[in-house]
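Here the structure is laid out as C-alpha cells; the discussion comes afterwards.
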Amino acid sequence: MEENSENNNNNINNNNINNNNNNNNNNNNNNNNISSNENKQNKHSSTKKERHLVIMQHGLHGTSLDFKTIRNHFLKQKDLDNCIFISANSNSHFLATHDGIDKIGERLFNEVKELYEQYDHPVKISMIGHSLGGLITRYAVGLLYEDGFFEKCKPDQFISLSSPHCGSRRPSTTIFNKVAHIFVDNFLSVTGKQLILHDTEIPDTIRTFPSTSSPPPNEKMKSSKTIVNSSVKNETDLSLPLAEAKEPSIYKEVGNNEKLMIIEKKEENEIVTNDQEVPMPLLVRLSEGSFFKGLKSFRKRVLYSNIYNDVQVNFCTSDISAKNPYTLGKLMKFSEKYRHIIEEESILDIDPSLLEQQQQDKKSIDEKDLDEYFTHDTHHHFLKRILKNLNQLHFVRYHMYFKNMLSHTNIIVKREWINSEGFEIVDHLVSNFEG
C-alpha cells in the first residue's frame, strides 16, 4: 500500500513537472511568435515606399489621353503602388499649346501645386514630358524651384521623350527644312516663334550678340553706326579692326532681360548696330538661372531620342547634342529585348578615324570647340549657348530607331492601332522607372 502510495505521488509530481515544462515551452513559443510578428511589422514599416507624384505632360496639339498607354502600363506594376500617375490636363484645351512655353508652363506649375495638395503632400515628384511637353515641364520646374516647392517635395526623375530642348531650327539645306521652318514660324503662334528663337523679334538677317561682348572677330571694319529707334544718333570711327577684337563672352549666365547688341553687315567694312533692351530668347533663358538649377536638382535625368524618321523633332535637339553620330557611319547594335533601342555600349565605328573621334566625343562639352557647330545658322551663338549650358548636367540617354515616319508618336504609342511598334519603348520606360 505504501509503495503504491509513493508511486502515485511520484507520478503526480512528474506530471506536474511535465505540465510546467509544457507551459514554459508554450510561453516561449508565444513570445517567439510575437517577436517574429513585431520583426515583420518593423521590416514592413522600414521598407514602406514614399508617396511619389508622377506628372506626365503631353506635347503640341496633344491632350491628357496621349499618355493613356504609358499610364496603363505603369498602373500594372505592383512595385509602383506608391506612385500617383497623373496625365496633366491644364493644357489640353483647344490650341492651348500655342500660347507660348512660358504661359503653358505656368499653367502646369499651378496644376502641380494643386495636385500636391489634393493627394495629401507626396514626398517626391517625377516629371515625364513628350515632345513640347519636355520644354513645358522644364519651364514648370523652374517656377517650382523658385517657389521653394522642391524643399518639401523632392525632385526625383525628369524624363523627356523626343523633346526639342535646343529648339526647332533647321538648316536651309533642303526644301523640307525650309517649309518646316516657315510652318513653325508662322502657324504655331507664340510657341512656334519660341521654338525657332524668333520670340525676340529679331529677323534671321540680323546677327545678335550680348552687349557685354565685342562683335565677332570674323570681319574687319572701318566704321560703325549706332542706331536707336531706327534713326542714326552718332557715328564713331573705330581704330581697332574686328579681327583683333576679343571673342564674345556668350556663355555668361545672365538675367531674363539681358541687353543684346544687334549687328547687321551693310557693306564690306561697315556694320550697323542697334543697342536696345531685347530679352534673350526663351529657350536660352530656359537653360540658365532657376530653370537650370531646378533641372539640376532632379536625382536622375533621362532623354529618349529617335535617331532618324522623327519628322517633328530631330535627334540633335532631343539628345542635346551638336551632331548625330549615326550619320557619320556608326553601326547600330540593337538590344535583344528592346528591338528599337540601340545599345550604346556596343556601338562600333566603320572607320578607325571615326573610333578616335568617338573617344573625343566622350569628353565634356566644355573641352570642345563649339565654333565648328551651327555655323550655317544666323542664331548659332544662341544654339551653342543652350547646348553648353545643358551639357553641364548628366543625362541618361536612350537612342531609338524606327523605320517608319511615325517615330515621334510611336515613342508613346499615342494610338495603339497605328503606333504599336512603340510598345517595347513603353515597356522600357516603365521597367527603368524607379518608384
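For the sequence shown, my numbering assigns the number -6 to the initial residue and increments by one for each residue that follows. Even glycine gets a Cβ: it sits at the ideal position worked out from N, Cα and C. In this text, all values refer to a predicted model and were calculated from it rather than measured experimentally.
Per DSSP, Q305 lies in no alpha helix (DSSP H) segment and is marked neither H nor E. In the DSSP annotation of this structure, the continuous segment of the beta strand (DSSP E) that includes Q50 starts and ends at 45 to 50. When C76, M49, F67, H373 are compared, the shortest CA-CA separation from K41 is found for C76. The region 136 to 147 and the region 173 to 190 do not touch, with fewer than 3 CB-CB distances between them shorter than 8 Å. In the structure shown, the three-state DSSP call for F285 is helix.
The beta carbons of F78 and M49 sit about 7 Å from each other, so the pair counts as a contact at 8 Å. When secondary structure is reduced to three states using DSSP, Y319 falls in the helix class. In the DSSP assignment, the residues bridged to Y391 are Y297.
Within the model, the alpha-carbon separation for H369 versus L376 is close to 11 Å. The region 180 to 187 and the region 393 to 407 do not touch, with fewer than 3 CB-CB distances between them shorter than 8 Å. Contact between the region 148 to 164 and the region 110 to 128 is present, with at least three C-beta pairs closer than 8 Å.
Counting C-beta pairs closer than 8 Å gives fewer than three between the region 92 to 100 and the region 62 to 76, which falls short of the contact rule. N384 and I335 do not touch by the CB rule: their CB atoms are close to 20 Å apart, not below 8 Å. An exposed status is given to Y112, since fewer than 16 other beta-carbon atoms sit within 10 Å of its beta-carbon. DSSP places G98 in the helix class (H, G or I) of the three-state scheme. Going by C-alpha positions, L380 is about 37 Å away from W410. Scanning V134, E329, R332, L108 for the CA closest to the CA of G282 turns up V134. In the DSSP assignment, I168 falls outside any beta strand (DSSP E) and within the unbroken alpha helix (DSSP H) covering 168 to 180. Here G160 really is in contact with T310; their C-beta atoms are around 6 Å apart, less than 8 Å.
Between L386 and K289, the C-beta gap is smaller than 8 Å, which places the two residues in contact.
One thing to note: L190 has its Cβ no nearer than 8 Å to the Cβ of R163.
The secondary-structure analysis by DSSP pairs S153 across a beta bridge with G122, L296. In this structure V304 is exposed. Its beta-carbon is surrounded by fewer than 16 other beta-carbon atoms within 10 angstroms.
Taking C-beta atoms under 8 Å as the contact rule, V295 and S156 fail to qualify, at a distance of about 11 Å. Nearest in C-alpha terms to M398, of all of E414, Y391, V389, F388, is E414.
Taking the Cβ atoms as the reference, H123 lies roughly 5 Å from G52, within the contact range of under 8 Å. Scanning its chain for C-beta atoms nearer than 7 Å, with the 5 sequence neighbours on each side dropped, one finds no residue around N425. The beta carbon of Y109 is closer than 7 Å to those of L46, P115, C146 in its chain, skipping five residues each way along the sequence.
For a cut-off of 8 Å, the C-beta gap from R332 to E417 is around 6 Å, short enough to register as a contact. Per DSSP, the unbroken alpha helix (DSSP H) holding F375 starts and ends at 373 to 383. Counting the other CB atoms within 10 Å of its CB gives S165 a total below 16, which places it among the exposed residues. Between V423 and Q70, the CB-CB gap stays under 8 Å. Judged by their CB atoms, L136 and G98 are nearer to each other than the 8 Å cut-off. When DSSP reads this structure, K117 sits in a beta bridge with H45, K147.
By the neighbour-count criterion, in which 16 or more other beta carbons inside 10 Å mark a residue as buried, N299 falls on the buried side. Residue nearest to M325 within the set D74, V172, T130, Y391 is Y391 (criterion: CA-CA distance).
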